[in-house]
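Undergrad:
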Amino acid sequence: MSTAPLILVDGSSYLYRAFHAMYKADLRNTEGFPTGAIRGVVAMLKRLEKDYPSSPVAVIFDAKGKTFRDEMYSEYKANRPPMPDDLRLQVEPLHKIIKAMGLPLIIVDGVEADDVIGTYTREATEKGIDVVVSTGDKDMAQLVNDKITLVNTMTETVMDIAGVEEKFGIGPELIIDYLALMGDKVDNIPGVPGVGEKTALALLQGLGGLDSIYSRMDEIAALGFRGSKTMAKKLEDNKDNAYLSYELATIKCDLQLQQSIEALQPQGVDKESLLTLFTEFEFKTWVEELESGTEASATPAQAIDTNYECILDLESLDKWLVKLKSSEIFAFDTETTSLNYMEARVVGLSFAVEEGEAAYVPFAHSYMGAPEQLSEEQVLGALKPLLEDESVAKVGQNLKYDRNVLLNHGIELRGIKHDTMLLSYVINSTVGRHDMDSLAERHLGLSTIHFEDVAGKGSKQLTFDQIPLEQAAPYAAEDADITLRLFNKLIADLESEPSLHKLYSDVELPLLNVLSRTERNGALLDSGQLRLQSQQHAVRMQEIEEKVYELAGEEFNLSSPKQLGAILFEKLGLPVLKKTKKGAPSTAEEVLQELALDYELPAQIMEYRGLSKLKSTYTDKLPLLVDGNSRLHTSYHQAVTTTGRLSSSDPNLQNIPIRTEEGRRIRQAFVAPEGRSIVAADYSQIELRIMAHLSGDQGLRSAFAQGLDIHRATAAEVFDTALEDVSSDQRRSAKAINFGLIYGMSAFGLAKQLHIGRMDAQLYIDTYFARYPGVAQYMDDIKRIASEKGYVETLLGRRLYLPEINASNGMRRQAAERLAINAPMQGSAADIIKVAMLKVDQWLQRREVDASLIMQVHDELVLEVANSDLELVQAELCSLMSDAAELAVPLLVEAGVGKNWDEAH
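Per the numbering used here, residue 36 is the first one in the sequence shown, and the count goes up by one each step.
1) From V706 to G784, what does the alpha carbon distance come to, in whole angstroms?
2) Reducing DSSP to helix, strand and coil, say where N548 ends up.
3) Nearest to A235 by CA position, among N857, A910, Y281 and L214, is which residue?
4) Expressed to the nearest angstrom, what Euclidean distance is found between the alpha-carbon atoms of K934 and R552?
5) Go ahead and pull the three-state DSSP assignment for P509.
6) Select from F203, I141 and V94 the residue whose C-alpha is nearest the C-alpha of M846.
7) Helix or strand or just coil, what does DSSP make of Y111?
8) Under DSSP, the alpha helix (DSSP H) around P88 begins and ends at which residues?
9) Do three or more CB pairs link the region 835-855 to the region 872-892 at distances below 8 Å?
10) Near N439, what residues of its chain come up, given a Cβ to Cβ distance below 6 Å and the 5 sequence neighbours on each side ignored?
11) Using DSSP with H/G/I as helix, E/B as strand and the rest coil, what is N439?
12) On the three-state DSSP scale, how would you describe G171?
13) Taking L657 as the reference, which of M641, A704 and E411 has the closest Cα?
14) Hey, could you find the ends of the beta strand (DSSP E) C913 is sitting in?
15) Would the region 737-750 count as touching the region 788-799 if we require 3 or more Cβ pairs under 8 Å?
16) How about A821 and Q797: are their beta carbons less than 8 Å apart?
17) Shortest alpha-carbon distance to N844 belongs to which of E158, D195, A113 and G100?
18) Under a Cβ-count criterion, where at least 16 other Cβ atoms within 10 Å of its own Cβ denotes burial, should P758 be classed as buried or exposed?
19) I'd like the span of the beta strand (DSSP E) that includes R834, first residue to last.
20) So, A618 versus Y281, is the Cβ gap smaller than 8 Å?
21) Just checking my contact of V542 with L873 at CB under 8 Å: how many whole Å lie between their CB atoms?
22) Please name the residue, chosen from L216, S169 and S863, that lies closest to A277 on a Cα-to-Cα basis.
23) May I ask which residues mark the beginning and end of the alpha helix (DSSP H) holding I791?
24) Could you tell me whether the Cβ atoms of L6 and H478 are closer together than 8 Å?
25) L209: which of G779, E390, L632 and A237 sits nearest, CA to CA?
26) Following the continuous alpha helix (DSSP H) through N773, name the residue where it begins and the one where it ends.
27) How big is the Cα-Cα spacing for K162 and Q689?
28) State whether the region 481-488 contacts the region 855-867, with contact taken as three or more CB pairs (one from each stretch) at a distance under 8 Å.
29) By the 10 Å Cβ neighbour count, where 16 or more other Cβ atoms means buried, how is N273 classified, buried or exposed?
30) Compute the Euclidean distance between the alpha carbons of Q577 and Q571, then round it to the nearest angstrom.
31) Considering Cα atoms alone, identify which of A573, H893, E906 and A379 is closest to D885.
32) Thinking C-alpha only, which one of R52, L41, E271 and R123 is nearest T184?
33) Between the region 393-403 and the region 496-514, do at least 3 Cβ pairs fall closer than 8 Å?
34) Does the region 139-152 come within contact of the region 238-253, defined as at least 3 CB pairs closer than 8 Å?
35) May I have the straight-line CA-CA distance separating K287 from M107, to the nearest angstrom?
36) Quick one: using the 10 Å Cβ neighbour count with 16 as the cut-off for buried, is P808 buried or exposed?
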């Protein structure tokens, strides 16, 4: 997970399980009030807060009364006994405790907690937010995907996609079908009589989901499981029950909820109320923790002895200039008008020289009634020599941003000695977010003033120049103070780890300036070309609409899954390949891709969707992001991914498509000015080369040393055929194996990707390891090393911690082992491209050639070069990138030249 995940707790599940787990103990206070369920749930919540210290936690409970499922099926949950009186008494007090703990408590009438959680997981998946659902309910396995994981704190089990496959023998996409076939006695879901766990699994593995089973009834007997010869009749006789059960078991994921997923944030502990409640129910240990302060995760920073000053005259500014010049290192921060570094203007700066002593000097606060301030010329004129002095050491939080905005004022920030965001990231990239508020709470136990506290939220949020100095000054001064405190704490931690210190000082910190230059250089965009593409897309989309209407025999909204499903499956009778969580026939991309092989209408819809996405995401949007010189500026992020890879946003350059002709046309709009060209240099198969280096496998090393096509060479080994006789399908399969194994892919995953049986996939994997035994040995060794150390390392010593590597639960441990195998390769590739950027930038800064670095995308560097220097730059670029690391196999770099990015790539 790239950031600390959101934790959604199935409160109702834990309430019942805690009650029954504590039932025999019959825990009560001296007044005789039952407390076992309360104690159990609170203990589980505390465990979650401990296991996920940086994660927000929200708790969801069932509402009282009937739900839409009772209307659908009057016998739903009819067998359940009423809630025991001792349990009912504990519900309201538990809700009070959860609220006092500062956790969002969510109850929605007419639906179950599962449906609320399902809706939030759908929203999270769409927004790219990682979520851990804490539950003991097996039905929740249907929600699992690459962003959603289940955890059960009572059994210490974690289920990701691989975990679901291991536990149930099927993927998350078939869990609803599984429940529909088996039924559920507890919830009184009928299912199909005579279908138990083994039978359901045999049907699903052999024939697919419910729709597929009912369309292939004549194949059931051939599956050969016990009772298979009579199963077709049982299924036919109970078809209505099977589909009713499917609907009842499907978690609803389209509720209209009052709070968005981003709003599920902790509200702060109400210590007084919590102490009262814990005392009432006689939870002595928790009372002692609260009274001693050991439980409180944060103490407000404002409560610490501080001396913050707002500088409004030259005499005070001069005094601070003397302090700054004489300090060994000082922390500073800028306050600006915008997060867009190309447009932002500085409105004030803050400084700290000692912990608790800081100042803010404003010069552009312009709200009504604002006090007289020093002018911009006075403040920046006095500070510019200091900020540009290389010998004066500075520390900040995300100083790349400050460097960029100061350049808007003609100030070149030098003397960047440390950056607290990068310090934290190098020490441990996996622990959570690396923004200042998170770092202050994690490392200092301090709760800072948040920007929203002084600026407001949403459409009414003020820019910083509009915030009254009474609020702005303490906020800004605290930023500098907290940064200095963090530096003092983190530098001590880093200096005890020489390899990490070297990675920080030699790679991450100097890269800050390189990325800043690259961002400000930007890429020249032919907006006219993109607008023309948008027009062409619009014309083609209109043509597709008309063709679709003709094929469908009526007009409908092509962007509506519901209307499209009605046309495809009800009117035209196309086969239903998959259902949504609501039980409707799915029109997801993978379904349409399969249908498009045999039917024209889905093929047309696929083309329409592809063009619509390109148009809205790129051809319409990118022209709106260029500056006055038609250049596009992204923001690179050093401290987001756990592996060390850079990411980018506004726009995200990493996702600009390349595999389709229409996608490549977007890259054609990234052009070179007159007299210049684009040069793009890319590492070839770098992660596989790192695998050959790390594993020492002689077969892989030999293939790379000979310059062979590695996928063709692997195909020749796996399929036992001559190199020249390898078919394109065999090469494709070998490529899936090569990349799949370094990402820890299972036989199940490989089978799904290649559309083959699981046994065939396992045979491919077994043959691969037999031909490349060094790879198998490496995987065993790295898992052992990870288990012993708790982390793995890249070639440059970057650590990737694996807290679950020694988990007692097998699934949690196996998930960590998959990360242990892949992380050194991904992380080493990230380190190598960063070293390459440093080398290339150092060469470019010598001004021997007329060229500039304008983009970094995955394993590729993109430069804008004067035509007179093309040959020299192309050769030197390949040489510098190849020299970024010493591997046991050649580090191959391929460079191309063109008038646009697509031509060069």
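Every residue gets a Cβ at the ideal spot worked out from N, C-alpha and C, and that includes glycine.
TA: In short:
1) Each residue's alpha carbon lies about 40 Å from the other.
2) helix
3) L214
4) Distance between K934 and R552, taken at the CA atoms: about 22 Å.
5) helix
6) F203
7) In the three-state scheme derived from DSSP, where H, G and I count as helix and E and B as strand, Y111 is classed as coil.
8) Looking at the DSSP string, P88 is not in any alpha helix (DSSP H), and its letter there is neither H nor E.
9) Not touching, per the Cβ criterion.
10) Excluding positions up to five away in sequence, the list reads Y376 and S551.
11) helix
12) Under the three-state reduction of DSSP, G171 is assigned to coil, being neither helix nor strand.
13) A704
14) Looking at the DSSP string, C913 is not in any beta strand (DSSP E); the run it does join, the alpha helix (DSSP H), is L905 to S917.
15) no
16) Cβ distance not < 8 Å, so A821 and Q797 don't count as in contact.
17) D195
18) Note that residue 758 corresponds to Leu in the displayed sequence, not to Pro. Exposed, because fewer than 16 other Cβ atoms sit within 10 Å of the Cβ of L758.
19) R834 to Y836
20) Sequence inspection shows Gly at residue 618; the Ala mentioned does not correspond to that position. Cβ distance < 8 Å, so G618 and Y281 count as in contact.
21) Confirmed, about 7 Å.
22) Out of L216, S169 and S863, the CA that lies nearest to the CA of A277 is found in L216.
23) Run containing I791: none; DSSP gives neither H nor E here.
24) Because residue 6 is not part of the residues shown, which for the chain are 36 to 940, the question remains open.
25) The option with the nearest alpha carbon to L209 is A237.
26) S763 to I777
27) 17 Å
28) The answer is no - the region 855-867 does not touch the region 481-488, with fewer than three Cβ pairs under 8 Å.
29) Label assigned to N273: buried.
30) 10 Å
31) E906
32) Considering only alpha carbons, the answer is L41.
33) A contact exists between the region 393-403 and the region 496-514.
34) no
35) 13 Å
36) exposed
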